[in-house]
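> So in the UniProt record's numbering, spot 215 of the sequence shown is number 215, and the numbers just go up one at a time.
Just so it is clear, CB atoms sit at the ideal spot from N, CA and C, and this is done for glycine as well.
No experiment lies behind these values; they were computed from the predicted model shown.
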Amino acid sequence: MLHVYDIENGVLRERDVADLTPTTSDAASWIDMVDATDEERQQVQHLFRQALPDSDDVEEIESSARFFNDEHGLHVHSLFVYQAEGRHRTATVAFVLQPRRLLTFRDSRLPDFRLMRLRVRRGWVRVQEPLDILLNILEQKTENLADTLEDIHRDLEDVSYLVLEDEEAELEDGIEKLAHLEDSNGKVRLCLMDTQRSISFIQRYVRADKDRRRTCSEIQHDLDTLMSHATFLFEKINFLMDSTQGFINIEQNQIIKIFSIAAVVFLPPTMIASIYGMNFDVMPELQFKFGYPMVIGLMILSGIAPYWYFKRKGWL
């Protein structure tokens, strides 16, 4: 799927085109390729005379493979976070910034780009050149990451109440929720770090442009603030995880303690019953008239005595 955008009087507009032609592609300021077919990829490669990055190239993590400049333009590969099947996931978008246009290549439908299209349709995106489109996308991405961190913090407060204050809560559920939040927070932190690297690379490119350098600095400042917040959430998640595991260990130790005391309480009566369950010929107590109630009473007394002792010591 291809989305084509033009800049008209300083406002980004989406153009409804059925197919790319040399005329439409030459006038386009932004061409966004979403899960493009082989035919669409060949068409774009033919029009712009450059090889498109494949999935393996886009997913490289070393800086030299994600941020570089060549004869085709400025290349920035940036991570974006999205939700699928109730979990946060990440996808890499390849940006190619040329003097007259911005090309983007992605395999996933991302909420940041969906929101960008909505803003374009309402005429809210004001830009002067393709670089401004790239900065708008990264700025919007930063805002969405901030919203995601706010959602994680809100969910974490609920889990914190469940673990630390709700006496009837199932702590195993708390561990599952904390693991889910830790995974989401980790993906957001990864996107934040990747965006910091992207902005640092672009800042070197716009060193002589005062206005766009200021925009990059503002985005970088927001990213630094969000990284601090993500670190705080990471530490709080670890604290709650340790606390939950500690509470579970206490509960398990309490259960083991009850079983241990029960074993000690029933050990003397069991021993007495075992003695008088023997089948020896000479057992003088078998001839006692009150032997049976005496043994029953002895068994009860031998069981009550340890229980009373443990209760007095505060072990129960």
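If I follow the unbroken beta strand (DSSP E) through W30, where does it start and stop?
Run containing W30: W30 to V34, per the beta strand (DSSP E) assignment.
> Please list, in chain order, all residues of the same chain as D6 whose beta carbon is under 7 Å from its beta carbon, the five residues on each side excluded.
Here the set comprises R13, R15, A27, A28 and S29.
> Would you call the segment 142-158 in contact with the segment 36-46, where contact means no fewer than 3 C-beta pairs closer than 8 Å?
Cβ pair count under 8 Å is below three, so no.
> Just reading off the alpha helix (DSSP H) that E218 is part of, what are its end residues?
Start and end: K210 to I275.
> I'd like the span of the alpha helix (DSSP H) that includes S200, first residue to last.
Taken as a continuous stretch (DSSP letters only), the alpha helix (DSSP H) holding S200 covers L171 to Y205.
> Mind checking K289: buried by the 16 CB within 10 Å criterion, or exposed?
Exposed is the call here.
> From what residue to what residue does the beta strand (DSSP E) around N69 run?
Per DSSP, N69 belongs to the beta strand (DSSP E) from F67 to D70.
> Can you name, in chain order, every residue of its own chain whose Cβ lies under 7 Å from the Cβ of L156, other than the five neighbours on each side?
Excluding positions up to five away in sequence, the list reads L181, L233, K236 and I237.
> On the CB-based measure, 16 or more other CB atoms within 10 Å of its CB, does H221 come out buried or exposed?
When all chains shown are included, H221 counts as exposed.
> The alpha helix (DSSP H) with G73 in it runs from where to where?
Counting along the chain, G73 falls outside any alpha helix (DSSP H), though it belongs to the beta strand (DSSP E) covering G73 to A84.
> Can you check which of these residues, L97, Q83 and Y82, is closest to H72 by C-alpha distance?
Checked all of L97, Q83 and Y82; the closest Cα to H72 is L97.
> Can you tell me which of D242, F105 and Q140 puts its alpha carbon nearest to the alpha carbon of L164?
Answer by Cα proximity: D242.
> Got a sec, what are the start and stop residues for the beta strand (DSSP E) L102 sits in?
That run of the beta strand (DSSP E) goes L102 to R106.
> Assuming A91 and D107 make a contact with CB atoms under 8 Å, what is their CB distance in whole Å?
With a Cβ gap of about 7 Å, A91 and D107 count as contacting.
> Expressed to the nearest angstrom, what Euclidean distance is found between the alpha-carbon atoms of D70 and A169?
C-alpha separation (whole angstroms): 58 Å.
> Please report the residue range of the beta strand (DSSP E) in which D6 lies.
Where D6 is concerned, the enclosing beta strand (DSSP E) stretches over L2 to E8.
> Once you ignore the five residues that flank Q128 on each side, which residues in its own chain have a CB closer than 8 Å to its CB?
Once the five neighbours on either side are set aside, the close Cβ partners of Q128 are I7 and G10.
> What's the C-alpha gap between V265 and I256?
C-alpha separation (whole angstroms): 14 Å.
> Is the separation between the beta-carbon of S160 and that of L240 shorter than 7 Å?
A contact, by the Cβ cut-off of 7 Å.
> Rounded to whole angstroms, what is the Cα-Cα separation between R213 and L79?
Distance between the alpha carbons of R213 and L79: 22 Å.
> If you draw a straight line from the C-alpha of L115 to the C-alpha of T244, how long is it?
Distance between the alpha carbons of L115 and T244: 38 Å.
> Of all the options L267, F280 and D281, which has the alpha carbon lying nearest to the alpha carbon of P306?
Looking at the Cα atoms, L267 is the closest of the given residues.
> At what residue ranges does the segment 270-313 contain a whole run of the beta strand (DSSP E), taking only runs of 3 or more?
Entirely contained in the segment 270-313, not one beta strand (DSSP E) run reaches 3 residues.
> Secondary structure at E62, three-state DSSP: helix, strand or coil?
Of the three classes helix, strand and coil, the one that applies to E62 here is coil, per DSSP.
> What are the residues that DSSP puts in a beta bridge with F95?
In DSSP, F95 forms a bridge with V76 and T104.
> Among G186, I272 and Y205, which residue has its Cα nearest to the Cα of R89?
For the residues G186, I272 and Y205, the minimum Cα distance to R89 belongs to G186.
> Helix, strand or coil for E139 per DSSP?
In this structure, E139 counts as helix in the three-state DSSP scheme.
> Could you tell me which residues DSSP pairs with T90 in its beta bridges?
DSSP lists V81 as partners of T90.
> Measure the beta-carbon distance from C216 to I202 and round it to whole angstroms, keeping in mind my assumption that it falls under 8 Å.
The Cβ separation is near 6 Å, so the contact holds.
> What residues in its chain sit with their C-beta under 6 Å from that of I31, if we drop five residues either side in the sequence?
Result list for I31: V4 and L103, in chain order.
> Alpha carbon to alpha carbon, how far is P269 from D281?
Roughly 23 Å between the two C-alpha positions.
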